[in-house]
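First residue of the sequence shown? That's 110 in this note's numbering, and the numbers climb one at a time after it. A quick write-up on the structure given underneath.
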Amino acid sequence: MNKLRVEDVMTHLVVTLRSEDAIEDAGRMLARNRISGAPVVHEGKLVGVASRADLTRAIAPPHLGFPFEAIDPLRFQLREAPSCLVHGSCVGDVMSREVVSISRDASVWEAASLLDRHGFRRLPVIDGDGYVMGVLARSDLVRAMARTDLDVSTSVHDAIELLGLGHFSGLVTTCDHGCVIIQGRADRRSMCNLAMEIAAIVPGVLGVSGELVWGWDDTRVTLAPDRSGSHDLESDLGAATSSANGAST
């Protein structure tokens, strides 16, 4: 868990809006997907966030004499909204431009801190260039942190098996309160080290201890010098050309 990244637990399939989307279309999009808000993107890059509250303000500004919270755009769905109620024609007019986002490479602890500090339910996840890669919700963190020891142990075993069953024998993985123990035999030391590294990044793993042994220490192997003698490629080609010319005469 200490190495768990946002990318490992975030929701990859994201509903996004564009700044030029009509308010009515945005409301229907949120209603259809049963979400309270969505990132707003321009050519894939994050430019804002439009929430249920933002859309509500668009159709029922506070100066009309009743609280805008009284209208829920997910129920109203902005059908046939009177033009006198709309003070923004598109998402770009009402979206929040000051957005708190998080990198997909950030730790889940950093994400949890941001969510708690700002009181958000979710965070847009971006890459180094600002492109939206997903959304991280509080529920995603809860699921990651609530994995049972059996879930973690099974995931570690499956991850190591992807290296090839032929490299291991008697492979057994157990987990106790997030601490994984790997037992068995690897055919070589490098494969043993790789198995330990892979186990450490499995979601839910807090620590790894190895009782995995290896049969061959390939980390100490060095290439033997070429004792066959070196050859001059140009000389070889020249000799071959002379031989061919002699044969033709």
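For each residue, glycine too, the CB sits at the ideal point set by N, CA and C.
So residue i is in the alpha helix (DSSP H); what residue range does that whole segment cover?
{"i": "L250", "result": "247-254"}
{"i": "L259", "result": "258-270"}
{"i": "S299", "result": "298-309"}
{"i": "V209", "result": "No alpha helix (DSSP H) contains V209, which DSSP labels as neither H nor E."}
{"i": "G201", "result": "200-203"}
Distance check for residue j and residue i, CA to CA, integer angstroms please.
{"i": "T159", "j": "R247", "result": "This sequence places Ala at residue 159; Thr is not what is there. One C-alpha to the other measures close to 18 Å."}
{"i": "G287", "j": "L113", "result": "12 Å"}
{"i": "D163", "j": "A135", "result": "11 Å"}
{"i": "L232", "j": "L303", "result": "33 Å"}
{"i": "H151", "j": "D267", "result": "39 Å"}
{"i": "G273", "j": "V149", "result": "43 Å"}
{"i": "C301", "j": "L321", "result": "7 Å"}
{"i": "L183", "j": "I132", "result": "Because the pLDDT at L183 is just 45, under 50, the model does not fix this residue reliably, and the value given afterwards should be weighed accordingly. One C-alpha to the other measures close to 12 Å."}
{"i": "G316", "j": "S216", "result": "16 Å"}
{"i": "V261", "j": "L245", "result": "21 Å"}
{"i": "R297", "j": "T328", "result": "9 Å"}
{"i": "T282", "j": "H276", "result": "15 Å"}
{"i": "R294", "j": "G324", "result": "7 Å"}
In terms of residue numbering, what span does the beta strand (DSSP E) encompassing residue i cover?
{"i": "A289", "result": "The question names Ala, but residue 289 is Val in the sequence shown. Here the beta strand (DSSP E) through V289 covers 288-295."}
{"i": "V281", "result": "277-285"}
So, helix, strand or coil for residue i, using DSSP?
{"i": "H227", "result": "helix"}
{"i": "E152", "result": "coil"}
{"i": "E133", "result": "helix"}
{"i": "W323", "result": "strand"}
{"i": "T328", "result": "helix"}
{"i": "T120", "result": "strand"}
{"i": "G313", "result": "coil"}
{"i": "L173", "result": "Confidence in L173 is poor, its pLDDT being 49 and thus under 50, which makes the residue's placement unreliable; the coordinate value appears in the next sentence. L173 falls in the helix class under three-state DSSP."}
{"i": "A147", "result": "strand"}
{"i": "L109", "result": "Absent from the model: residue 109. The displayed extent of the chain is 110 to 358, so no value can be given."}
{"i": "S128", "result": "coil"}
{"i": "A140", "result": "helix"}
Buried or exposed, going by whether 16 or more other CB atoms sit within 10 Å of the CB of residue i?
{"i": "A220", "result": "buried"}
{"i": "L187", "result": "Note that L187 scores a pLDDT of 45, beneath 50, so its modelled location is shaky and nothing firm can be said."}
{"i": "A259", "result": "Before going on, a small fix: residue 259 reads as Leu here, not Ala. Looking at its Cβ environment, which holds fewer than 16 other Cβ atoms inside 10 Å, L259 is exposed."}
{"i": "L271", "result": "exposed"}
{"i": "H121", "result": "exposed"}
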